[in-house]
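Each remark here refers to the structure printed beneath this line.
Numbering (the numbering used here), first residue to last: 2 to 273.
See below:
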């Protein structure tokens, strides 16, 4: 008997091949949640102070403003992070509640909002909201829905907890922002790996990427990508760092994937 398309197993003596069970959708979703939870637990302490998250907080503020909150509102922020939007809304609404999957984010949110009486934070899953039907008059979900394994299910849950006549505002990164985030992460990793291979492992490498989108012949087109990277690398000077950064740019998988972009610039420097 010939088999293909995956691993399998044969019980001793029975002569029957059995396909190994595939990873279930439920397990895959749980794996994604666990990875997201672990990542954001690690980011919680610097989420509102580190420059890499400033764009996220700006987008969150824009989405919150779209709700046009009123004093009678009861707000739920799904994927609240450290609760910046909840705190901003607390001075306007009757009640502001934040929910996040990350215990680290929720712990930090509670610390930052300790003096606010009309604020609460809950640890939970956006796809299984722990609230009764119609509990809230306004629901916010900003720069988080792309992390959800089943975003449609999360939206249905938001609708369930929304009171009749309520409002939902969902905001997320636009395509060029997603490309910028992927490029920044990939380039920083490529440069860090290269520096380590050269015997000068970095203390840190941070990269900001700006993607320019323009209409070309009536079609939205990426016309320029600008990378600005700053490193803390003991034992090398600026010239060596710039040479390594240029090599990383050539080898970065995202840079290669974007090779058709007319202009990709790089500024590299060591932090003082």
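For glycine and all other residues, C-beta sits at the position ideal for the given N, C-alpha and C.
Exercise for the section: Name the residue from 109, 237, 122 and 170 whose alpha carbon lies nearest to the alpha carbon of residue 197. Expected result: 237
Exercise for the section: Would you be able to state if there are at least three C-beta pairs under 8 Å between the stretch 65-82 and the stretch 153-173? Expected result: yes
Handout entry: Assigned secondary structure, residue 166 (DSSP; H/G/I helix, E/B strand, else coil)
Key = strand
Practice task
With distances taken Cα to Cα, identify the nearest neighbour of residue 88 among 125, 102 and 116.
Solution key: 116
Handout entry: DSSP-derived helix/strand/coil call for residue 33
Key = helix
Problem - Local conformation of residue 23 per DSSP, three classes - result: Since pLDDT at residue 23 reaches only 46, below the 50 mark, its modelled position is unreliable, and the value read off the structure follows with that caveat. Three-state result, residue 23: coil.
Handout entry: Closest residue to residue 103 among 96, 111 and 265 (Cα-Cα distance)
Key = 111
Practice task
Can you tell me which of 251, 244 and 151 puts its alpha carbon nearest to the alpha carbon of residue 26?
Solution key: 151
Problem - Top-ranked residue by Cα proximity to residue 267, from 100, 84, 211 and 95 - result: 211
Handout entry: As assigned by DSSP and simplified to three states, the class of residue 51
Key = coil
Handout entry: Per DSSP, cross-strand counterpart(s) of residue 225
Key = 213 and 264
Problem - Those residues which DSSP pairs with residue 129 across a bridge - result: 126
Problem - Short Cβ contact (8 Å threshold) for residue 128 with residue 158 - result: yes
Problem - Segments assigned alpha helix (DSSP H), at least 4 residues, entirely inside the stretch 75-129 - result: 85-91 and 104-113
Exercise for the section: Could you spell out the range, first to last residue, of the alpha helix (DSSP H) harbouring residue 255? Expected result: 254-258
Handout entry: Burial state of residue 147, where buried means 16 or more other Cβ atoms lie within 10 Å
Key = exposed
Exercise for the section: Keeping to the same chain, check which residues put their C-beta closer than 7 Å to that of residue 269; ignore five residues upstream and five downstream. Expected result: 230, 242, 243 and 246
Problem - Extent of the continuous beta strand (DSSP E) to which residue 139 belongs - result: 137-143
Problem - Beta-ladder partner(s) of residue 200, from DSSP - result: Bridge partners of residue 200: none, in fact.
Exercise for the section: Please name the residue, chosen from 125, 186, 73 and 261, that lies closest to residue 34 on a Cα-to-Cα basis. Expected result: 125
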